[in-house]
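Line order of the protein sequences matches chains D and C. Quick note: the first sequence uses the working numbering, first residue 6, plus one each step. Quick note: the second sequence uses the working numbering, first residue 22, plus one each step. The structure under discussion appears below in the form of C-alpha cells.
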Amino acid sequence: ETGVTQTPRHLVMGMTNKKSLKCEQHLGHNAMYWYKQSAKKPLELMFVYNFKEQTENNSVPSRFSPECPNSSHLFLHLHTLQPEDSALYLCASSQYLEGGNNEQFFGPGTRLTVL
Amino acid sequence: AQTVTQSQPEMSVQEAETVTLSCTYDTSESDYYLFWYKQPPSRQMILVIRQEAYKQQNATENRFSVNFQKAAKSFSLKISDSQLGDAAMYFCAYRSFGGATNKLIFGTGTLLAVQP
C-alpha cells in the first residue's frame with residue numbers, strides 16, 4: 006500500500022455522461038498530479054497541484070476539469086468525453102514540488118472506457 | 022525538450038537469470054535525475070531505483086542496479102537473480118534538477134516476462 010488511493014478502479018461512461026475520478030493520499034504530501042496512460046504511449050502529465058493551487062496544465066482539453074479542495078484530495082471531473090480519452094488515469098503525490106528528493110508515489114489508477 | 026526512449030517493447034528472462042533493460046534519453050541539461058519505475062499487473066507504479074546525474078557511482082538497490090553512462094545518455098537497468106514477481110512493465114523516467122513542477126518524462130515502457 007503506497008498511501009495513494011483512487012476510486013473508482015474501473016469506469017465505463019457514455020460520451021454524454023458526467024463523472025468524477027477521486028484520488029486521496031494519506032502521506033501528508035503537498036503536491037498532487039494527474040497522469041494519463043494510454044497503450045504504447047508514454048505517461049502524459051495532465052495537471053499538477055501544489056498546496057491546492059494548480060501549477061501546471063499540459064494543454065489538457067477543457068472536458069477534463071481538475072479540482073483540489075485540500076492537499077489530500079484531488080478530483081478529475083469528466084464531461085462529454087471522446088472514445089480516444091479511454092485510458093488509465095493515474096494519480097500521484099509528492100512531499101514537495103521543488104527541490105531535490107521529491108519522489109512521486111502513485112495510486113493504482115482508474116481504468117476509464119468511453120463508449 | 023527532454024525525451025526518453027525505451028527501444029525494447031518486450032523482454033523475457035528465465036527465473037534466476039539476469040536481464041538488462043535499455044533506456045536512452047536526450048537533454049541539454051547537466052543536472053537531472055533518472056528513475057526506473059515498475060508497474061505490475063495490479064497497476065500500482067512503484068519506484069525501483071533512482072540516479073542523480075552528478076553522481077558517478079551507479080545506483081544499486083538489492084538485485085537492481087543501473088549502468089549510467091552520462092556522456093552516452095544511457096541509463097540501463099540490470100535485474101539479477103530474476104524472480105517471478107519481477108514480471109511487470111518497467112518505465113524509465115527523467116526529471117530536471119530543480120525546476121518548479123517536479124515533472125517526470127517517461128519512456129514508453131518495457132514489458133518484462135519472467136519464465137519459470
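The beta carbon of each residue, even a glycine, is placed where N, CA and C say it ideally should be.
Top-ranked residue by Cα proximity to residue i, from the options
i: Phe-127 of chain C; options: D:Leu-117, D:Leu-81 and D:Leu-48; result: D:Leu-48
i: Glu-73 of chain C; options: C:Asp-52, C:Val-34 and C:Gln-90; result: C:Asp-52
i: Ser-65 of chain D; options: D:Glu-58, D:Lys-57 and D:Leu-50; result: It is Val, not Ser, that sits at residue 65 of chain D in the sequence shown. Considering only alpha carbons, the answer is D:Leu-50.
i: Leu-83 of chain D; options: D:Val-9, D:Arg-14, D:Gln-11 and D:Leu-26; result: D:Leu-26
i: Ser-91 of chain D; options: D:Ser-77, D:Cys-73, D:Val-17 and D:Ser-67; result: D:Val-17
i: Lys-45 of chain D; options: C:Gln-29, C:Tyr-46 and C:Gln-65; result: C:Gln-29
i: Lys-41 of chain D; options: D:Ser-99, D:Gly-8, D:Thr-10 and D:Phe-69; result: D:Phe-69
i: Ala-97 of chain D; options: D:Val-119, D:Arg-14, D:Asn-62 and D:Phe-52; result: D:Phe-52
i: Thr-26 of chain C; options: C:Leu-68, C:Thr-131 and C:Pro-137; result: C:Thr-131
i: Ala-92 of chain C; options: C:Ser-49, C:Met-32, C:Ser-33 and C:Val-34; result: C:Ser-49
i: Arg-64 of chain C; options: D:Asn-107, D:Leu-93 and D:Gln-100; result: D:Leu-93
i: Phe-111 of chain D; options: D:Cys-28, D:Pro-88 and D:Leu-117; result: D:Cys-28
i: Gly-128 of chain D; options: D:His-31, D:Lys-24, D:Met-37 and D:Lys-23; result: Residue 128 of chain D falls outside the range modelled here, since chain D spans only 6 to 120, and no answer is possible.
i: Leu-68 of chain C; options: D:Arg-14, D:Arg-116 and D:Ser-99; result: D:Ser-99
i: Ser-76 of chain D; options: D:Gly-33, D:Leu-117, D:Gln-11 and D:Glu-61; result: D:Gly-33
i: Glu-38 of chain C; options: C:Asp-107, C:Thr-122 and C:Leu-125; result: C:Asp-107
i: Lys-89 of chain D; options: D:Phe-56, D:Leu-79, D:Asn-107 and D:Thr-118; result: Before going further, note that residue 89 of chain D is Glu rather than Lys in the sequence given. Per the Cα distances, D:Thr-118.
i: Asn-55 of chain D; options: D:Ser-43, D:Asn-35, D:Ser-67 and D:Asn-63; result: D:Asn-35
i: Leu-42 of chain C; options: C:Val-87, C:Lys-94 and C:Lys-124; result: C:Val-87
Whole-Å CB distance - residue i paired with residue j, under 8 Å assumed
i: Leu-81 of chain D; j: Trp-39 of chain D; result: 6 Å
i: Leu-55 of chain C; j: Phe-96 of chain C; result: 5 Å
i: Ile-70 of chain C; j: Phe-85 of chain C; result: 5 Å
i: Leu-86 of chain D; j: Met-20 of chain D; result: 6 Å
i: Gln-59 of chain D; j: Pro-71 of chain D; result: 7 Å
i: Thr-129 of chain C; j: Glu-61 of chain D; result: Rounded, the Cβ-Cβ distance is 22 Å, inconsistent with contact.
i: Met-66 of chain C; j: Tyr-58 of chain C; result: 5 Å
Classification of residue i by the beta-carbon crowding that lies within 10 angstroms, buried from 16 upward
i: Ile-100 of chain C; result: buried
i: Ala-22 of chain C; result: exposed
i: Pro-137 of chain C; result: exposed
i: Arg-116 of chain C; result: buried
i: Glu-6 of chain D; result: Unreliable positioning characterises Glu-6 of chain D in this predicted model, as indicated by a pLDDT of 49, which lies under 50. The coordinate reading is nonetheless provided below. Burial call: exposed.
i: Leu-105 of chain C; result: exposed
i: Gln-159 of chain C; result: There is simply no residue 159 of chain C to check, as chain C begins at 22 and stops at 137 in what is shown.
i: Gly-119 of chain C; result: exposed
i: Leu-120 of chain D; result: exposed
i: Pro-113 of chain D; result: buried
i: Gln-109 of chain D; result: buried
i: Ser-103 of chain C; result: buried
Under 7 Å by beta carbon: chain A residues contacting residue i
i: Met-66 of chain C; result: You won't find chain A in this structure, because its protein chains are D and C.
Exercise for review: Return the chain-ordered ranges of every beta strand (DSSP E) run that is complete within the region 25 to 77 of chain C and spans a minimum of 3 residues.
Suggested key: Counting only runs of 3 or more, we get 31 to 35, 40 to 42, 45 to 47, 53 to 60 and 67 to 73.
Check your understanding: Which residue spans inside the region 43 to 103 of chain D form an unbroken alpha helix (DSSP H) run of at least 4?
Key -> none
Exercise for review: Using a Cβ-Cβ cut-off of less than 8 Å, list which residues of the region 53 to 73 of chain D approach chain C; keep chain order.
Suggested key: Taking 8 Å as the Cβ-Cβ cut-off against chain C, the residues of the region 53 to 73 of chain D that qualify are Val-53, Thr-60 and Glu-61.
Point to revise | Near-chain C residues of the region 91 to 109 of chain D - C-beta to any C-beta below 9 Å | key: Leu-93, Leu-95, Ala-97, Ser-99, Tyr-101, Leu-102, Glu-103, Gly-104, Gly-105, Asn-106, Asn-107, Glu-108 and Gln-109
**Study point:** Residues of the region 35 to 64 of chain C with Cβ closer than 7 Å to any Cβ of chain D, in chain order
**Key:** Ser-63 and Arg-64
Review point. If contact means a Cβ-Cβ distance below 9 Å, which residues of the region 28 to 49 of chain D contact chain C?
Key: Ala-36, Tyr-38, Tyr-40, Gln-42, Lys-45, Lys-46, Pro-47, Leu-48 and Glu-49
Practice item. Return the residues of the region 82 to 107 of chain C that lie within a Cβ-Cβ distance of less than 9 Å from chain D, sorted by chain order. Key: none
Point to revise | Uninterrupted beta strand (DSSP E) stretches inside the region 101 to 128 of chain C (no shorter than 3 residues) | key: 109 to 117
Check your understanding: Along the region 109 to 120 of chain D, what residues have a CB closer than 7 Å to any CB found in chain C?
Key -> Of all residues in the region 109 to 120 of chain D, only Gln-109, Phe-111, Pro-113 and Gly-114 place a beta-carbon less than 7 Å from a beta-carbon of chain C.
Point to revise | Within 9 Å of chain D by C-beta, residues of the region 111 to 135 of chain C in sequence order | key: Phe-112, Ala-114, Arg-116, Phe-118, Gly-119, Gly-120, Ala-121, Thr-122, Asn-123, Lys-124, Leu-125, Ile-126, Phe-127, Gly-128, Thr-129 and Gly-130
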